[in-house]
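K.L.:
Please find one structure pasted underneath; my questions will follow.
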Amino acid sequence: MKILLTNDDGIYSEGIQVLKKQLEKIAEVIIIAPDRERSTIGHAMTLRKPLKISEVKINGDFWGFSLDGTPVDCVIVGLLEIMKKNKPDMIVSGINRGPNLGDDIIYSGTVSAAMEGAMRNVPSLAVSIVGYENFKFKSAALITKNMVSHLIKDKLPSNLILNINVPNIDYDKIEGIVVTRHGKRVYQDEIKIIRDPQGNTHYWLGGDLPEGKIELDTDFEAIYHHKVSITPLSLDLTNYHNMPEVKNWVKKWDLK
Numbered sequence: 001m002k003i004l005l006t007n008d009d010g011i012y013s014e015g016i017q018v019l020k021k022q023l024e025k026i027a028e029v030i031i032i033a034p035d036r037e038r039s040t041i042g043h044a045m046t047l048r049k050p051l052k053i054s055e056v057k058i059n060g061d062f063w064g065f066s067l068d069g070t071p072v073d074c075v076i077v078g079l080l081e082i083m084k085k086n087k088p089d090m091i092v093s094g095i096n097r098g099p100n101l102g103d104d105i106i107y108s109g110t111v112s113a114a115m116e117g118a119m120r121n122v123p124s125l126a127v128s129i130v131g132y133e134n135f136k137f138k139s140a141a142l143i144t145k146n147m148v149s150h151l152i153k154d155k156l157p158s159n160l161i162l163n164i165n166v167p168n169i170d171y172d173k174i175e176g177i178v179v180t181r182h183g184k185r186v187y188q189d190e191i192k193i194i195r196d197p198q199g200n201t202h203y204w205l206g207g208d209l210p211e212g213k214i215e216l217d218t219d220f221e222a223i224y225h226h227k228v229s230i231t232p233l234s235l236d237l238t239n240y241h242n243m244p245e246v247k248n249w250v251k252k253w254d255l256k
């Protein structure tokens, strides 16, 4: 069993280090991660500059490969170059330092890396810890290791992405694991206007931490009840529910 491990917090982040140590108990793990934090970069790819791969050592021992690109770049370079002769059986992205709940998945570099893996027919999952400080990474790493060991047997389909969110609590306080739909985020963004000494105007995106609607069967509800949320995601973004309505619109339109 070979795992390509990546993230969007960077190769030196605590989350990926703790997760690698757990996954190595059940699989061969190759880290290919950004050389710095690339959070909220979504599905961005680098097309207009060359990418540099570097070998990273920790305490003198080989740790993994860093790339001066995005999480999606890491997956692509990993599959097409670093692991091209020894393809991974699974891609794991995380542990993200913070939640990827609800609409967060649209912005998330962590989830996008897993999406890219699925696009390239490799079973993939993303894992995040729902907190903002004092992270219990070992809890999330243990949950992920246990899930991966089962998914090896159950054969996760390559067109199915699992988005996993783990509450930021001790492992023995987790109340269970549930399958959820992704809920609705409520973002509280603000634009702060800053002027530099030369008189130039700059715009800084900020605001309060986002909130989420705790609705039945959602990832937010699961986390609220101290449960691990597993949300199955698909590459198909078609809104089938509203297709008949859109077809009726088009029938009435005179576009020629």
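Each residue of the sequence shown is one higher than the last, beginning at 1 in the numbering used here.
Where is the CB? At the ideal position from N, CA and C, for every residue including glycine.
1) Check each candidate in 46, 117 and 172 and name the one with the smallest Cα separation from residue 6.
2) Helix, strand or coil, according to DSSP, for residue 55 in the structure here?
3) Within 10 angstroms of its Cβ, does residue 104 collect 16 or more other Cβ (buried), or is it exposed?
4) If we count the other Cβ atoms within 10 Å of its Cβ and call it buried at 16 or more, is residue 9 buried or exposed?
5) Can you tell me whether residue 265 is buried or exposed, with buried defined as 16 or more other CB within 10 angstroms of its CB?
6) With a CB to CB cut of under 6 Å and the five nearest residues on each side skipped, what residues in its chain are close to residue 213?
7) What are the start and end residues of the alpha helix (DSSP H) that includes residue 86?
8) Could you check what DSSP says for residue 210 in three-state terms: helix, strand or coil?
9) Identify, in the order they occur along the chain, each residue of the same chain with its Cβ nearer than 8 Å to the Cβ of residue 77, setting aside the five sequence neighbours on each side.
10) Tell me which residues share the same chain as residue 13 and place their Cβ nearer than 7 Å to its Cβ, disregarding the 5 neighbours each side in the sequence.
11) Give the DSSP-derived three-state secondary structure of residue 26 in the structure shown.
12) How should residue 221 be labelled, buried or exposed, when 16 other C-beta atoms within 10 angstroms of its C-beta is the threshold for buried?
13) Just how far apart, CA to CA, sit residue 204 and residue 195?
14) Considering residue 249, what are the terminal residues of the alpha helix (DSSP H) in which it resides?
15) Quick check on the burial criterion: 16 or more other C-beta atoms within 10 angstroms. Buried or exposed for residue 48?
16) Might you give, ordered along the chain, the residues of its own chain that have their beta carbon closer than 7 Å to the beta carbon of residue 99, omitting 5 neighbours on each side?
17) Return the CA-CA distance between residue 200 and residue 207, expressed in angstroms with no decimal places.
18) DSSP three-state label for residue 188, please.
19) Could you spell out the range, first to last residue, of the alpha helix (DSSP H) harbouring residue 76?
P.N.:
From the atom records:
1) Each of 46, 117 and 172 was checked against the Cα of residue 6, and the nearest Cα belongs to 117.
2) Strand.
3) Residue 104 should be labelled buried.
4) With 16 or more Cβ atoms within 10 Å of its Cβ, residue 9 is classed as buried.
5) Beyond the ends of the chain as shown, which are 1 and 256, falls residue 265; an answer cannot be given.
6) Same-chain partners within the cutoff: 183 and 184.
7) Premise fails: residue 86 is in no alpha helix (DSSP H) and is neither H nor E.
8) Correct three-state label for residue 210: strand.
9) Once the five neighbours on either side are set aside, the close Cβ partners of residue 77 are 32, 51, 53, 67 and 69.
10) Excluding sequence neighbours, residue 13 sits near 7 and 97.
11) In the structure shown, residue 26 adopts coil according to DSSP, grouped into three states.
12) Classification of residue 221: buried, given that the 10 Å Cβ count is 16 or more.
13) Roughly 11 Å separates the two Cα atoms.
14) Where residue 249 is concerned, the enclosing alpha helix (DSSP H) stretches over 243-252.
15) With fewer than 16 Cβ atoms within 10 Å of its Cβ, residue 48 is classed as exposed.
16) Taken in chain order, the residues that qualify are 128, 130 and 165.
17) Their Cα atoms are separated by approximately 22 Å.
18) In this structure, residue 188 counts as strand in the three-state DSSP scheme.
19) Looking at the DSSP string, the run of the alpha helix (DSSP H) that includes residue 76 is 71-77.
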